[in-house]
Structure formats: C-alpha cells, structure tokens
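Heads up: the structure comes next, in structure tokens.
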Amino acid sequence: MNITKIESYRIKLPLLSPFKTSYGYLTHKAMDILVVTDEFGNQGFGELVAFEQPDYTEETLETARLVLKHHLLPLVINKNIHHPNDVFSLLSVVRGNWMAKSAIETAIWDMYAKRQQMSLAKLCHSQSSNIEVGVSIGIQKSISDLLAVVSEYVDEGYRRIKLKIAPNQDISFVKAVREAFPNILLMVDANSAYTLKDVSIFKELDCYELSMIEQPFGYSDFLEHATLQKQIKTPICLDENIRSVEDVTLAHHLGSLGAVNLKISRVGGIFQAQKIVDYCKEQGLMLWCGGMFESGVGRALNIAFASQQGFNFPGDISASNRYFEEDIINEVFVLEDGRISVPNKEGIGVSLNEEMLSKYGTHQFIYEK
Ligand code: OSB
Ligand code: MG
2 MNITKIESYR
12 IKLPLLSPFK
22 TSYGYLTHKA
32 MDILVVTDEF
42 GNQGFGELVA
52 FEQPDYTEET
62 LETARLVLKH
72 HLLPLVINKN
82 IHHPNDVFSL
92 LSVVRGNWMA
102 KSAIETAIWD
112 MYAKRQQMSL
122 AKLCHSQSSN
132 IEVGVSIGIQ
142 KSISDLLAVV
152 SEYVDEGYRR
162 IKLKIAPNQD
172 ISFVKAVREA
182 FPNILLMVDA
192 NSAYTLKDVS
202 IFKELDCYEL
212 SMIEQPFGYS
222 DFLEHATLQK
232 QIKTPICLDE
242 NIRSVEDVTL
252 AHHLGSLGAV
262 NLKISRVGGI
272 FQAQKIVDYC
282 KEQGLMLWCG
292 GMFESGVGRA
302 LNIAFASQQG
312 FNFPGDISAS
322 NRYFEEDIIN
332 EVFVLEDGRI
342 SVPNKEGIGV
352 SLNEEMLSKY
362 GTHQFIYEK
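Residue numbering for the sequence shown follows the numbering used here, beginning at 2 and increasing consecutively.
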C-alpha cells in the first residue's frame with residue numbers, strides 16, 4: 002500500500018445531554034476523521050478520539066494533530082506498507098502519543114480491508130454477527146435523576162449499566178440503583194478520583210454485587226490497585242493505567258487487575274490492542290471494549306474489533322442515538338435486544354455523510370502527492 006493522500010475533517014458534535022465524570026463536564030465531543038487514500042484510490046477512515054483537555058490522558062486533540070502532522074504522517078506517506086500490522090513498528094521512533102498513532106493505524110486497517118474486499122470484522126476474526134453492549138452513565142444531580150436515567154437505558158435493553166462515581170457521589174448512588182434494579186449487571190467507574198485513603202469506601206461498594214470497579218486510583222497506581230484488590234472481592238478493572246500489553250501483564254502479575262477496559266485508541270491501535278486480547282484470552286481475564294464518545298467511524302471500528310473471541314463482557318459501545326442527535330456517517334447503529342449488529346461491508350463498513358461533515362466540521366488536506 003502506498004498512501005498518496007491524507008485529509009482530515011475536524012468535527013465537533015453536541016452531546017444530547019452533558020456528561021459529568023469525576024474530572025470534568027462535557028457538552029460537546031470534538032474529533033478528527035482522518036481519510037487516507039492509496040495509489041488506486043482506495044480510502045480508509047480513522048478517528049482521532051483524543052479530548053480537547055488533557056484530563057483523561059496526556060494527549061489532546063491539538064497535541065495529537067501536531068504529532069501526526071510533524072512526526073507520524075511523514076513515517077507512512079509514500080512508504081510501501083505491506084500490512085497494517087507493520088504500522089505500529091514504523092511509528093515506534095515516536096514515543097507514546099497512542100491516540101495519534103491509533104488514528105492513522107486504524108485508517109490504514111480500514112483501507113487495507115477494503116483493498117482485500119473484506120470486512121474489518123472478518124480480518125479481526127469476528128465470531129458473531131452482533132455483540133452485547135452496555136452504557137456508561139455520567140454523574141447525575143440527584144439519586145432520583147439517576148434512577149430515571151438508569152431506568153430509561155434498562156428499558157432500551159442495554160445489557161450492562163456503568164455508573165460514573167466521584168467522592169461523595171458514590172455509595173448512596175450505587176445503593177439506590179442496586180436496590181431499584183437488583184438483577185442488572187452493574188459496575189462503577191471512578192476515573193482515578195480516589196486514593197488508598199479511601200479503602201473504606203470500596204469496602205462498602207464491595208457489598209453491592211458490582212461486576213467490577215473501574216479505575217479507582219491514579220493512572221500509574223499499579224501497586225495501590227493491587228493493595229486495594231487484596232481487600233475487596235469485586236474485580237478491579239483498569240482503564241487509564243493500560244497503554245500496552247506490558248501494562249496488562251504487569252498489573253496482572255501484581256494482582257491489581259481483574260478486568261481490562263480495552264480502548265484501541267488508548268493503546269496505539271489494533272496491533273497493540275490485539276496483543277492485549279490474546280493475553281487476556283490466554284489468562285482467562287475479563288475483557289471488554291471501552292468508548293471515547295466516538296462518532297460512527299470509531300464506533301464501527303470498536304464493534305468490528307469487539308466481535309472477536311476474547312471479549313467476554315458488554316462494552317461501552319452504545320447505539321448511535323446514545324450521544325448525538327446526528328452523526329457523520331450514513332449508517333446507523335441500533336440497539337436490538339441489547340445487541341448491535343456488526344458491520345459486514347468492506348472495511349469498517351461505514352461511509353461519510355458529506356452534508357453532516359460540512360454541518361459539523363471543516364475539511365483540510367494534510368498531504369497530497
Ligand atoms: O473512563 O471509560 C471512561 C468517556 C470518556 C472518557 C473516559 C471514559 C468514558 C466513558 C464513556 O465511560 C465511554 C463511551 O460510552 O463512549
Ligand atoms: Mg473508564
């Protein structure tokens with residue numbers, strides 16, 4: 002494959018309702034859609050999912066754009082790329098910057114799949130035509146608001162409910178939801194809001210039959226998570242800590258990991274994500290696919306990738322109508338009996354909607370031969 006052209010669409014989509022986490026408040030989601038074109042005119046789409054603020058990871062949309070333009074794209078333009086699995090090592094002279102790397106690597110995967118006239122799902126050894134999904138719910142103003150929101154999603158059919166928590170907005174919220182919905186798959190995500198001083202809170206949360214507790218402590222707190230895991234039975238799921246298969250291995254060996262939230266973008270693309278899937282499968286770990294409020298492009302990728310064996314718990318992959326009024330692709334992902342269909346068209350199986358692209362974004366050529 003020879004990449005002869007790279008374009009990008011800078012998109013900003015309003016969220017249907019604001020999303021509050023332990024670290025911030027989001028009303029819009031911005032993303033860039035990278036479009037790569039090869040010597041035969043095949044195209045591939047990749048989503049740059051980084052946030053505008055460096056509060057979930059170090060990267061931001063702006064830092065990722067700079068790193069892509071000045072450091073990553075020159076490494077792939079006009080190179081003869083044999084297979085998308087080679088891209089990760091082509092880019093390895095640049096340290097970190099996983100989301101920037103993932104945007105270009107996944108665009109190349111989409112293009113490669115289209116050249117092979119295969120769906121990306123099939124290339125990723127998809128095992129089923131649809132996947133079970135869950136939903137992530139931001140921190141609500143009151144318990145009654147929260148119960149109403151949970152009830153809405155349970156009625157829609159979501160197979161697992163994840164509640165965001167933060168200090169003082171934790172036990173009472175979880176208790177109320179568990180009492181109202183004794184049988185749902187329920188979990189919480191703290192986005193690093195606590196420290197070891199808060200162990201007593203987690204001992205209380207341990208009583209509510211949660212499937213897991215996601216990222217209670219800081220993003221490099223491997224030892225602290227292990228210390229907590231020794232004192233509670235609920236599995237700890239790591240999100241922010243995990244940037245590579247080495248992180249997963251380390252956390253697993255230390256005993257700080259019961260489950261993995263895998264986001265392709267947070268680990269630098271499909272090549273590295275696949276290593277994590279293989280490790281989790283080998284070790285019998287709980288594994289599910291996380292989300293970054295993706296547009297349809299990133300959503301399609303997540304669905305395709307998460308339809309392979311190894312993913313064994315419903316992920317944060319919700320239907321198209323969960324976050325946005327309108328999307329920038331022509332296809333729609335709908336929830337049917339708690340499941341979403343895996344695209345079976347070539348590549349990630351979606352096409353860009355020109356009208357929506359110009360309504361919500363701007364277009365630029367980054368490179369043209
Ligand atoms: O911690 O998984 C997270 C959203 C933005 C940043 C971090 C996280 C989240 C979510 C929702 O929990 C993900 C989604 O539904 O797309
Ligand atoms: Mg998380």
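Where is the CB? At the ideal position from N, CA and C, for every residue including glycine.
Could you tell me whether any non-hydrogen atom of the ligand GTP is closer than 8 Å to the CB of residue i?
{"i": "residue 241", "result": "The ligand GTP is absent from the structure shown, which contains only the ligand OSB and the ligand MG."}
Would you mind giving the Cβ-Cβ distance between residue i and residue j, rounded to the nearest angstrom? I have them listed as a contact below 8 Å.
{"i": "residue 150", "j": "residue 138", "result": "6 Å"}
{"i": "residue 59", "j": "residue 31", "result": "Their Cβ separation, rounded to whole angstroms, is 17 Å, which puts residue 59 and residue 31 out of contact at 8 Å."}
{"i": "residue 229", "j": "residue 261", "result": "That belief does not hold up - the Cβ atoms of residue 229 and residue 261 are roughly 16 Å apart, past 8 Å."}
{"i": "residue 237", "j": "residue 213", "result": "7 Å"}
{"i": "residue 250", "j": "residue 207", "result": "Rounded, the Cβ-Cβ distance is 26 Å, inconsistent with contact."}
{"i": "residue 297", "j": "residue 330", "result": "3 Å"}
{"i": "residue 174", "j": "residue 144", "result": "6 Å"}
{"i": "residue 140", "j": "residue 28", "result": "At roughly 14 Å, the Cβ-Cβ gap does not stay under 8 Å, so residue 140 and residue 28 are not in contact."}
{"i": "residue 122", "j": "residue 344", "result": "7 Å"}
Going by C-alpha to C-alpha distance, which of the options sits closest to residue i?
{"i": "residue 92", "options": "2, 255 and 77", "result": "77"}
{"i": "residue 342", "options": "326, 324, 320 and 353", "result": "320"}
{"i": "residue 197", "options": "175, 174 and 168", "result": "168"}
{"i": "residue 71", "options": "57, 95 and 261", "result": "95"}
{"i": "residue 127", "options": "302, 324, 317 and 370", "result": "302"}
{"i": "residue 358", "options": "262, 8, 4 and 309", "result": "8"}
{"i": "residue 130", "options": "370, 331, 317 and 309", "result": "309"}
{"i": "residue 117", "options": "160, 190, 45 and 136", "result": "45"}
{"i": "residue 365", "options": "237, 134 and 34", "result": "34"}
{"i": "residue 16", "options": "350, 330 and 323", "result": "323"}
{"i": "residue 283", "options": "253, 219, 98 and 294", "result": "253"}
{"i": "residue 161", "options": "172, 189, 170 and 143", "result": "189"}
{"i": "residue 74", "options": "104, 86, 50 and 51", "result": "104"}
{"i": "residue 14", "options": "4, 337, 345 and 293", "result": "293"}
{"i": "residue 178", "options": "263, 152 and 56", "result": "152"}
{"i": "residue 266", "options": "11, 39 and 51", "result": "51"}
{"i": "residue 328", "options": "12, 5, 6 and 2", "result": "12"}
{"i": "residue 133", "options": "360, 338, 361 and 211", "result": "338"}
{"i": "residue 200", "options": "119, 187, 10 and 172", "result": "172"}
{"i": "residue 318", "options": "159, 204, 245 and 5", "result": "159"}
{"i": "residue 37", "options": "248, 19 and 112", "result": "112"}
{"i": "residue 194", "options": "224, 165, 211 and 187", "result": "165"}
{"i": "residue 20", "options": "356, 325 and 340", "result": "325"}
{"i": "residue 110", "options": "354, 286 and 3", "result": "3"}
Drop a sphere of 10 angstroms on the beta-carbon of residue i, count the other beta-carbons inside from all chains shown, and report buried for 16 or more, exposed for fewer.
{"i": "residue 279", "result": "exposed"}
{"i": "residue 83", "result": "exposed"}
{"i": "residue 25", "result": "exposed"}
{"i": "residue 258", "result": "buried"}
{"i": "residue 335", "result": "exposed"}
{"i": "residue 216", "result": "buried"}
{"i": "residue 107", "result": "buried"}
{"i": "residue 306", "result": "buried"}
{"i": "residue 192", "result": "buried"}
{"i": "residue 85", "result": "buried"}
{"i": "residue 222", "result": "buried"}
{"i": "residue 333", "result": "exposed"}
{"i": "residue 62", "result": "buried"}
{"i": "residue 273", "result": "buried"}
{"i": "residue 89", "result": "buried"}
{"i": "residue 146", "result": "exposed"}
Problem set entry | Runs of alpha helix (DSSP H) lying entirely within the stretch 200 to 248, each at least 4 residues, in chain order | Counting only runs of 4 or more, we get 200 to 206 and 223 to 230.
Problem set entry | Continuous beta strand (DSSP E) assignments of at least 3 residues falling wholly in the stretch 20 to 74 | Those beta strand (DSSP E) runs which fall completely within the stretch 20 to 74 and span 3+ residues are 26 to 39 and 44 to 49.
Problem set entry | Every unbroken beta strand (DSSP E) within the stretch 153 to 193, with a cutoff of 3 residues, ordered by chain | Entirely contained in the stretch 153 to 193, the beta strand (DSSP E) runs reaching 3 residues are, in chain order, 162 to 165 and 187 to 190.
Problem set entry | Ranges of the alpha helix (DSSP H) found wholly within the stretch 265 to 339, counting only runs of at least 4 | Whole alpha helix (DSSP H) segments, 4+ residues: 271 to 284 and 297 to 306.
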